[in-house]
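Enquirer: My questions will all concern the structure given below.
Residue numbers (the numbering used here): 10 to 230.
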């Protein structure tokens with residue numbers, strides 16, 4: 010008797026799993042796809058476009074190109090905060106639109122522009138408490154966004170400075186070994202660099218040396 014392949018077993022099991030059956034279970038299942046991958050918090054509301062959020066997150070990832078878990082977490086936080094700020098702006102617009110739609114204009118004989126202006130004023134007055142709360146949320150999220158940007162930039166600056174220093178040390182040691190006719194194994198000192206990183210460092214060093222030579226030549230004249 011042969012042992013079933015794991016793929017076959019999974020296929021058989023999936024036939025017996027039809028997903029949640031209760032309304033509550035289906036709601037929880039629906040929200041699973043909307044949860045934050047790191048904290049489990051719901052970021053995308055059921056009425057929002059999950060694909061649009063994913064593209065939104067990708068745009069931040071492409072901009073900051075995070076390395077390591079901490080940078081990735083901060084980029085995720087930036088995207089989430091920005092998404093919530095956009096939601097606040099949309100809610101403000103919706104509140105005003107709803108208020109205008111519910112207003113019975115006492116200026117029905119006035120030009121349309123006047124009617125619209127007065128409807129907006131009345132809507133602002135009727136929705137003042139809700140708009141004030143949204144404004145507070147917006148200010149809090151804006152401060153959070155600015156702090157996260159500063160934290161991420163500082164972290165990346167520190168990382169890049171260390172990488173540059175490590176690359177300089179790596180090139181110094183490599184040149185020393187080459188002068189002796191020996192081969193250097195960077196793993197002995199814990200250096201792990203990609204070929205593009207090494208090439209960029211060599212180009213940078215060559216440019217710096219050429220600039221130094223030009224400066225020395227200029228001073229010698």
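Beta carbons are placed, not taken as given, at the ideal position from N, Cα and C, and that holds for glycine.
1. What do you reckon, are the CB atoms on residue 267 and residue 76 nearer than 8 angstroms?
2. I need the straight-line Cα distance from residue 54 to residue 201, nearest angstrom please.
3. Can you give me the C-alpha to C-alpha distance between residue 152 and residue 141, rounded to a whole angstrom?
4. Count the C-beta pairs between the region 74-89 and the region 153-161 that are closer than 8 angstroms, then say yes if the count reaches three, no if not.
5. Rank 67, 212 and 94 by C-alpha distance to the C-alpha of residue 177 and give the top, closest one.
6. Would you please state the rounded distance, in angstroms, between the beta carbons of residue 93 and residue 150? I believe it to be under 8 angstroms.
7. Is residue 91 near residue 154, with beta carbons less than 8 angstroms apart?
8. Please look up how many angstroms separate the CB atoms of residue 174 and residue 80, rounded, as I've assumed it's under 8 angstroms.
9. Could you work out which residue in 70, 95, 106 and 215 is closest to residue 147 when comparing CA atoms only?
10. Alpha carbon to alpha carbon, what distance is there between residue 170 and residue 183?
11. Starting from residue 62, trace the alpha helix (DSSP H) both ways and give me its first and last residue.
Expert: For this structure:
1. Given a span of 10 to 230 for the chain in the structure shown, any question on residue 267 remains unanswerable.
2. In the chain shown, residue 54 corresponds to position 45, counting from 1. In the chain shown, residue 201 corresponds to position 192, counting from 1. The straight-line gap from Cα to Cα measures roughly 42 angstroms.
3. The count along the chain shown starts at 1 and reaches residue 152 at position 143. The count along the chain shown starts at 1 and reaches residue 141 at position 132. So the two alpha carbons sit approximately 17 angstroms from each other.
4. By the Cβ criterion, the region 74-89 is in contact with the region 153-161, since at least three pairs of Cβ atoms, one from each stretch, lie closer than 8 angstroms.
5. Locating residue 177 in the chain shown gives position 168, counting from the first residue. Measuring C-alpha to C-alpha distances from residue 177 to each of 67, 212 and 94 identifies 212 as the nearest.
6. Working through the chain shown from its first residue, we reach residue 93 at position 84. Working through the chain shown from its first residue, we reach residue 150 at position 141. Going by Cβ atoms, the distance from residue 93 to residue 150 rounds to 5 angstroms, so yes, they are a contact pair.
7. Locating residue 91 in the chain shown gives position 82, where the first residue counts as 1. Locating residue 154 in the chain shown gives position 145, where the first residue counts as 1. With contacts defined as CB atoms closer than 8 angstroms, residue 91 and residue 154 qualify as a contacting pair.
8. By one-based count along the chain shown, residue 174 stands at place 165. By one-based count along the chain shown, residue 80 stands at place 71. That belief does not hold up - the Cβ atoms of residue 174 and residue 80 are roughly 19 angstroms apart, past 8 angstroms.
9. Reading the chain shown from its first residue, position 138 is the one you call residue 147. Comparing Cα positions, the closest option is 95.
10. Stepping through the chain shown from its first residue, residue 183 is reached at position 174. Stepping through the chain shown from its first residue, residue 170 is reached at position 161. So the alpha carbons of these two residues sit roughly 20 angstroms apart.
11. Locating residue 62 in the chain shown gives position 53, where the first residue counts as 1. Start and end: 59-73.
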